Structures are given as structure tokens and as C-alpha cells.
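Protein sequence lines, in the order shown, are assigned to chains W and S.
Each step along the first sequence adds one to the number in the numbering used here, with nothing skipped, and position 8 is 8.
Each step along the second sequence adds one to the number in the numbering used here, with nothing skipped, and position 145 is 145.
This report concerns only the one structure given below.
2 protein chains.
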Amino acid sequence: MTPKIARFLAEQQPATPCLVLDVDRVEENFRALQHTLPLARIYYAVKANPAHQILERLVGLSSFFDAASFEEVSACLDAGARPEAISFGNTIKKVSAIRAAHAKGVSLFAFDSQEEMEKLAKHAPGARVYCRILVENEGADWPLSRKFGTTVDNARSLMLRAGEMGLDPYGLSFHVGSQQTTTRAYEIAIGKVAMLFTDLTEAGVNLRMMNLGGGFPVRYRDDVPEIDQFGDAIMTAMVEHFGNNLPEMFIEPGRFIVGDAGLVSAEVVLVCRRDPSDPVRWVYLDIGRFGGLAETEGEAIKYAIATPHDGTAMGPVAIAGPTCDGADIMYEKSNYRLPIALTSGDKVELLSTGAYVTTYASQRFNGFAPLAEYYL
Amino acid sequence: MTPKIARFLAEQQPATPCLVLDVDRVEENFRALQHTLPLARIYYAVKANPAHQILERLVGLSSFFDAASFEEVSACLDAGARPEAISFGNTIKKVSAIRAAHAKGVSLFAFDSQEEMEKLAKHAPGARVYCRILVENEGADWPLSRKFGTTVDNARSLMLRAGEMGLDPYGLSFHVGSQQTTTRAYEIAIGKVAMLFTDLTEAGVNLRMMNLGGGFPVRYRDDVPEIDQFGDAIMTAMVEHFGNNLPEMFIEPGRFIVGDAGLVSAEVVLVCRRDPSDPVRWVYLDIGRFGGLAETEGEAIKYAIATPHDGTAMGPVAIAGPTCDGADIMYEKSNYRLPIALTSGDKVELLSTGAYVTTYASQRFNGFAPLAEYYL
Chain W
1 MTPKIARFLA
11 EQQPATPCLV
21 LDVDRVEENF
31 RALQHTLPLA
41 RIYYAVKANP
51 AHQILERLVG
61 LSSFFDAASF
71 EEVSACLDAG
81 ARPEAISFGN
91 TIKKVSAIRA
101 AHAKGVSLFA
111 FDSQEEMEKL
121 AKHAPGARVY
131 CRILVENEGA
141 DWPLSRKFGT
151 TVDNARSLML
161 RAGEMGLDPY
171 GLSFHVGSQQ
181 TTTRAYEIAI
191 GKVAMLFTDL
201 TEAGVNLRMM
211 NLGGGFPVRY
221 RDDVPEIDQF
231 GDAIMTAMVE
241 HFGNNLPEMF
251 IEPGRFIVGD
261 AGLVSAEVVL
271 VCRRDPSDPV
281 RWVYLDIGRF
291 GGLAETEGEA
301 IKYAIATPHD
311 GTAMGPVAIA
321 GPTCDGADIM
331 YEKSNYRLPI
341 ALTSGDKVEL
351 LSTGAYVTTY
361 ASQRFNGFAP
371 LAEYYL
Chain S
1 MTPKIARFLA
11 EQQPATPCLV
21 LDVDRVEENF
31 RALQHTLPLA
41 RIYYAVKANP
51 AHQILERLVG
61 LSSFFDAASF
71 EEVSACLDAG
81 ARPEAISFGN
91 TIKKVSAIRA
101 AHAKGVSLFA
111 FDSQEEMEKL
121 AKHAPGARVY
131 CRILVENEGA
141 DWPLSRKFGT
151 TVDNARSLML
161 RAGEMGLDPY
171 GLSFHVGSQQ
181 TTTRAYEIAI
191 GKVAMLFTDL
201 TEAGVNLRMM
211 NLGGGFPVRY
221 RDDVPEIDQF
231 GDAIMTAMVE
241 HFGNNLPEMF
251 IEPGRFIVGD
261 AGLVSAEVVL
271 VCRRDPSDPV
281 RWVYLDIGRF
291 GGLAETEGEA
301 IKYAIATPHD
311 GTAMGPVAIA
321 GPTCDGADIM
331 YEKSNYRLPI
341 ALTSGDKVEL
351 LSTGAYVTTY
361 ASQRFNGFAP
371 LAEYYL
């Protein structure tokens, strides 16, 4: 918790649940990543948190932006981003979205199938395009692999044809999965994609860019490697494969930029035992999987939780949300422990929840309003 | 698809994704359930779809309402429901919500723990309360069991104490799980809870009500038993256990009332093969797990899908949503097949999606606006 957030919570006592985010921390994280990977161009993954205050701050830092939809393209433009600074990174785009982005001056698009390439050729003629390769997501707490990316062979044949179709075959991309906790995943992926890059270059395709995706982790309940370790591993792998002839390098961090900049303030609604003899207490909060904490699905992302009783005796708990939905359970198998003294009405903080929380919130499941948001 | 919905889609060609729901079908479903279980009082589970048009129609039919939050209580009152017709059925309630509902005249509350009973005694003194018993959810496609309900022993001791605490120990409840496809689940649960009912009555507690919960299924891709079979099984079990001395019977249908009254109109964004040699095509729609179809988590609810090419040759597909999230996959393992001719830009309909769709929709994940809604 930053001093600014602590002061806001103490002075304002905002109604819960709410996200409170310190935009200065966003800037610090951006600068830290820039320092670690000075040769990489940072495309902030807008989907992690599209708040205007965040986008504006990043525009001021000359960040680039990775947009998942035309709505996110618009949000970047509204915050002052130049269209040349925006990559439309979703490989699945409505024709209407491609046309609208192209009309606004966006000229960089991702794809990973022949069908999408044909849509781009028709509705964004002349655009720079990059093809996403399917890579292993081992080590990622929120893996992505089955839905996106294509094989090296298919990417090769598509990129060989892109020029004929009036597109500019600009680069290749991959994604090692979100909250990737091992540097090895980047090394393996770079090796795989660099081979294709070299192969296509030798075949006469004017490739200029490697998009290394995002995935850089945030410290939640458990430790993760420092960002420097990812930077070192990536640069070592890039130099190993490309020598002095490095292509442009793009990275698409989202979670890393905003995750630890914010926290969710929540209220304990009920603490009880399902059976009085059960050692495990059930702790129900006023936010759950459908109030924004969607990444607790399968207990994938394990947030650290601060309570007013920290330092006193603890006991095992299951943690659930406030809805009548049986699926609205955040943690039942991850050995969470919270203070015995915790009781209904207590305020708690879910730490490092600045990423992938606000936009996931349901519009009104069980009648509950979406998460309130404060940007300091 | 009802004629009214078909006409609306043909004439209005609404932008997708959207829910289109025929409120007349809601009335038909309500009357069918009333006909099947004439002795049961119907508390519509507002969380299934809280649209004002639906609540108003049900108020006109003298329905009762099961609310999950104070916001849902308010929605019922706004639609003209009397406070006496509302049950606050969530066993996990903020103190502020209990107080607000009590102040509005709501006098019937659920609980399943000592802590919640104490909150009710303090903040809704004199209220009628019912205790939720944990029962098996086998046979339910969307089970609830781990999060709610308590043991028979604990319920017994709580109900014995409710009177001393100034509450009216009104009844017992259970829930066999949502989209329950077997009548046997109700029979077993009624047997279990009826024994406690009799036991408490003999101990001098003035119990008057059995709340049988909801769970009545809707036909999605696969067949389910007719509602009459559930009605017969329930009445047979009730008579077996209570003879001529039947308590008041409450049921809390949500899905059954609104599910097949609506459909989601969606657009195919992309059809592709991840590898050209793969027989499985990936079909991406402009709605997915975070656009409202949350119950496809774990491929639990399997919606039927209509396309403009129905009747032509089919092939295997995986079906996913439009976001950059790897978890936004609806069906990959459920052997869905769709026409080979299906292509980007086609409109499709996800049938019987009137329940548990609109409110689940994220407020703007990946920039996408929540589902539009039309009530006819």
C-alpha cells in the first residue's frame, strides 16, 4: 500500500468494495521496465486497466498501447495517444472494428489465421501486420495457449503471402501466458520464433519486429522473480539468436504496469463455520469472482489480504463472494489463513489488484453495482 | 424462438450482441409452474433476470420474489411488489442491507449460521426466518453445495434458539443446485429436511414453511425431464413425509421462469483453424464468458446454437468469445458441431439464454460494452 492510498483510505473511508490506485506507482513501474529493457518499446496492454487517468499518465511518458478492441483504441485516442502509437493486438476482430481503427489512423494489427489476414487485407489495406505464434505457456498462472496463435508452419506460409495481399509483413509475436513466473518460458519462445524470423528473412520477407508479448508477473501472495531477471533472460536470448542485428522489440505489459499500483478495499460480510465442529471458517467478502476478482477462477491468482487484525492468531479459511452463486468462491483449496478475530463489518484490503479487476466486474450480478474506482 | 422474437430480429436487425426476451413466455412459464404445483407459492429468483419488464409482469401475476441483495429488494418494490411478497433469500447479507430491507417492510429472511442469525435478531427484530440446510447437489449442472447451507444438527440448535432471540422460526429451506436434471434430488432433500421439520415441531418450534428452493431445469442442448415430473415427485415426497398436514410450500424458480423466454443474438467474428490440418474449427463470437455467458464456465451449461446454415453439412468446432483472455472459451470439450458454411459476419442465436446472462456481463472487459437488452 502506498502512503497516498493509505491516507486516502484513512481520510475518505470510501464505501466498499472499491479499487484505489496510485497513478504515481504506474509511472514508477513503467520506468522500471524501461530501465530493465531499454531497447524494447512498451505497448501497455490497455485491457489490464483502461482508466483514463492511467492512459493519460502513460501518454505523458510516451508509452505505446496494445488495444484489444476498437473501444480500447478510442480510449487511447481520448487520452491523447497518437494512432501510430497504438497496436490492435487482438487476433479476433470484427470487420467493423478493423475499419473503424484503420479510419482513425491505426496501422498495426495482429493476426493468427488466414481468415483474419484476409479481413485485414480488405479492410485495412497497407497495414503493418504481425503474426502470433503459439508457444508453451508452462509456468503461467493465467495461461492463454489454446485460444490464440498458430503453428510455425502456418505462420510461415501466411507471412509469405501477406505482401501479395497488400499488407506489410512487419513482425512476429508470441505470448508466454499471463502472470508468467519463469524466465525460461521467454527464452524457449524467443528461440522458437527467432528461427522462423530468420527463415522468413532469408526467404525475402522484410520482417522488422519481434513482439515478445506480456506476462511479466506481479508479487501476489507468493514471490516471483524480479523484473531484472526477465530483462536479462530476454536480452540474452535475443542476442543469442540475432547477434548484433536485433530487430525492433515490442513488449506488451499490463499486469506489471498497474497490478501493484492498486488495492481493493472490501468489507467482511460474514464469518461462520458451515458446521460448528469444522476448523475452517468461511469468510464472505462484499466482492467476489463476479464483482471483479475473476482471476481467482480455479484459484489461479492468489491475492495477499491485509486485515485490521494482522499479527494476531490465525486459522484456516475459505473465502467467498457475496452472491447467491455457488461458483462465487475465491479460495477453498489454497490454504488461506486469516486472523481468528476477523468478524463481520471488518474492512480488509486485497493487495496488488490494480490489474484485471475493474473491467471484469459484472454490471449488476445479484443486484450488486460494479466496483467503484478511485485514481490518486 | 417465439414468433414475437423472430419478427423483432427480422425487422429491427439489432446490433449484436443482445438479449431479446418475450415477456409473454415468462407469463406462460409462471402459469405452467403454478399449474404443476398449485399448492406452492412461487418466489421468483430475481437474480435470474431482474429486468423491470419481467418483474412488473410477475407482480401482475401476484408472484412473490426471492431477492439476493437489497438492490434486488428495491427493484421488486420499484416494479410494484409489496414488501410482504419479498423474501431476502441470500444467507450472506451486509448489516446495512438487512437494515434497509427491514426498514422497507421486508420481514422474511434466510440464514444458515449463528452469526447471520445474530445479525438478523439485532437488525431485523421480529422477522420471520428460515434456515437453509445443506443437501446433495448431485444431478445439478450448476451446483451450489459447498458455499451455502448448514448441517441438520446445527440447523436444529439454531432454530431452537431463534425464538429466544426475538425472531420467528418460520421454516426450513434447501437448494438442490441450479439446472437440476433429476427429480430424485428433490425427493432426497425433502426427506432429509422433513425429518428435521417434524423433529423441531415436536420440540415445540412453531415451524410453518418448507422452502424447496429452485433448480428446475431448462432445455438447452440436451433434454431434461418435463416440469410435471418435478411437480409429481415433489408432491409425492411431501405427502409421504407430512401426510395431510402439509406445511406452506415455497419454491424459488428463476431459470425455469425466464430461461427459454429469451435468446442472445450474436455475430461470428472469425472462423479459423489453429493449424490448417486440424479438423476442429475455432468459432469466435462477439459474446463470450465475460460478455454474459458466465455459466459456460467448465462447459457447465450447454446452450443450443442456431445458425443461418442449419441443415447443411456440419463439422466439429471449439467456440470462444471475443476477448484476449485465454479463459474466454465457451466450448472446447463438449463436442459441439456447427455448419461448415459458417463464416465471419454470420448472425447466430444462442437459445434459451433468458436467465443468468444479462447481469453476469462484465461492465467493459477488453473494452466491450455489456450486452444490450430488449424486452418484447
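No residue lacks a Cβ here, since even glycine has one placed at the ideal position from N, Cα and C.
These numbers were taken from a predicted model, which means no experiment stands behind them.
Cα-Cα separation between residue i and residue j, rounded to whole angstroms
i: isoleucine 227 of chain S; j: threonine 36 of chain S; result: 7 Å
i: valine 208 of chain S; j: aspartate 24 of chain W; result: In the sequence as displayed, the identity of residue 208 of chain S is arginine instead of valine. Spanning the two alpha carbons is a distance of roughly 60 Å.
i: valine 135 of chain S; j: alanine 266 of chain W; result: 30 Å
i: glutamate 332 of chain S; j: glutamate 115 of chain W; result: 20 Å
i: alanine 162 of chain S; j: leucine 172 of chain S; result: 12 Å
i: proline 339 of chain W; j: serine 178 of chain W; result: 31 Å
i: proline 279 of chain W; j: valine 317 of chain W; result: 8 Å
i: glycine 139 of chain W; j: glutamate 373 of chain W; result: 31 Å
i: glutamate 27 of chain S; j: glutamate 71 of chain W; result: 38 Å
i: alanine 203 of chain S; j: aspartate 22 of chain W; result: 58 Å
i: leucine 376 of chain W; j: lysine 94 of chain S; result: 28 Å
i: valine 239 of chain W; j: glycine 191 of chain W; result: 11 Å
i: isoleucine 301 of chain W; j: glutamate 295 of chain W; result: 6 Å
i: arginine 99 of chain S; j: aspartate 223 of chain W; result: 42 Å
i: phenylalanine 256 of chain W; j: alanine 101 of chain S; result: 42 Å
i: glutamine 229 of chain S; j: valine 129 of chain S; result: 30 Å
i: proline 225 of chain W; j: arginine 274 of chain W; result: 38 Å
i: glycine 215 of chain W; j: alanine 237 of chain W; result: 17 Å
i: valine 176 of chain S; j: aspartate 328 of chain W; result: 17 Å
Chain W within 7 Å of residue i, Cβ atoms only
i: threonine 182 of chain S; result: no
i: glycine 326 of chain S; result: yes
i: proline 399 of chain S; result: This structure does not reach residue 399 of chain S, given that chain S is present from 1 up to 376, and the question cannot be answered.
i: lysine 94 of chain S; result: yes
i: glutamate 164 of chain S; result: no
i: alanine 68 of chain S; result: yes
i: lysine 347 of chain S; result: no
i: isoleucine 329 of chain S; result: yes
i: threonine 150 of chain S; result: yes
i: lysine 302 of chain S; result: no
i: lysine 192 of chain S; result: no
Under 7 Å between C-beta atoms of residue i and residue j
i: proline 50 of chain W; j: isoleucine 287 of chain W; result: no
i: isoleucine 305 of chain W; j: tyrosine 284 of chain S; result: no
i: serine 352 of chain S; j: tyrosine 220 of chain S; result: yes
i: asparagine 206 of chain S; j: phenylalanine 250 of chain S; result: no
i: glycine 213 of chain S; j: phenylalanine 174 of chain S; result: yes
i: aspartate 112 of chain W; j: threonine 151 of chain W; result: no
i: aspartate 65 of chain S; j: alanine 40 of chain S; result: What sits at residue 65 of chain S in the sequence shown is phenylalanine, not aspartate. No.
i: glycine 105 of chain W; j: proline 125 of chain W; result: no
i: leucine 19 of chain S; j: glycine 262 of chain S; result: yes
i: alanine 233 of chain S; j: tyrosine 186 of chain S; result: yes
i: glycine 292 of chain W; j: tyrosine 360 of chain W; result: yes
i: threonine 307 of chain S; j: valine 348 of chain S; result: yes
i: proline 143 of chain W; j: glycine 326 of chain S; result: yes
With 16 other Cβ atoms within 10 Å as the buried cut-off, status of residue i
i: threonine 378 of chain W; result: For residue 378 of chain W there is no data in the structure shown, the boundaries of chain W being 1 and 376.
i: glycine 259 of chain S; result: buried
i: asparagine 244 of chain W; result: exposed
i: arginine 337 of chain S; result: exposed
i: proline 217 of chain W; result: buried
i: arginine 31 of chain S; result: exposed
i: proline 38 of chain W; result: exposed
i: glutamine 180 of chain W; result: buried
i: alanine 103 of chain W; result: exposed
i: methionine 117 of chain S; result: buried
i: serine 63 of chain W; result: buried
Residue-chain proximity (residue i, chain S), Cβ-Cβ < 7 Å
i: glutamate 116 of chain W; result: yes
i: proline 322 of chain W; result: yes
i: glutamate 71 of chain W; result: yes
i: serine 113 of chain W; result: yes
i: isoleucine 305 of chain W; result: no
i: asparagine 206 of chain W; result: no
i: asparagine 90 of chain W; result: yes
Discussion item. If the cut-off is 9 Å on Cβ atoms, which residues from the region 354-371 of chain S count as contacting chain W, listed in chain order?
Written reply: For the region 354-371 of chain S, which is checked against every Cβ of chain W, the residues closer than 9 Å are Tyr356, Thr358, Thr359, Tyr360, Ala361, Ser362, Gln363, Arg364, Phe365, Asn366, Gly367, Phe368, Ala369, Pro370, Leu371.
Practice prompt. Using a Cβ-Cβ cut-off of less than 8 Å, list which residues of the region 263-295 of chain W approach chain S; keep chain order.
Written response: Answer in chain order: Glu267, Val269, Leu270, Val271, Cys272, Arg273, Arg274, Asp275, Pro276, Trp282, Tyr284, Asp286, Phe290, Ala294.
Fill in: the region 27-56 of chain S: positions lying closer than 9 Å to chain W by Cβ
Cβ contacts with chain W: Ala45, Val46, Lys47, Pro50.
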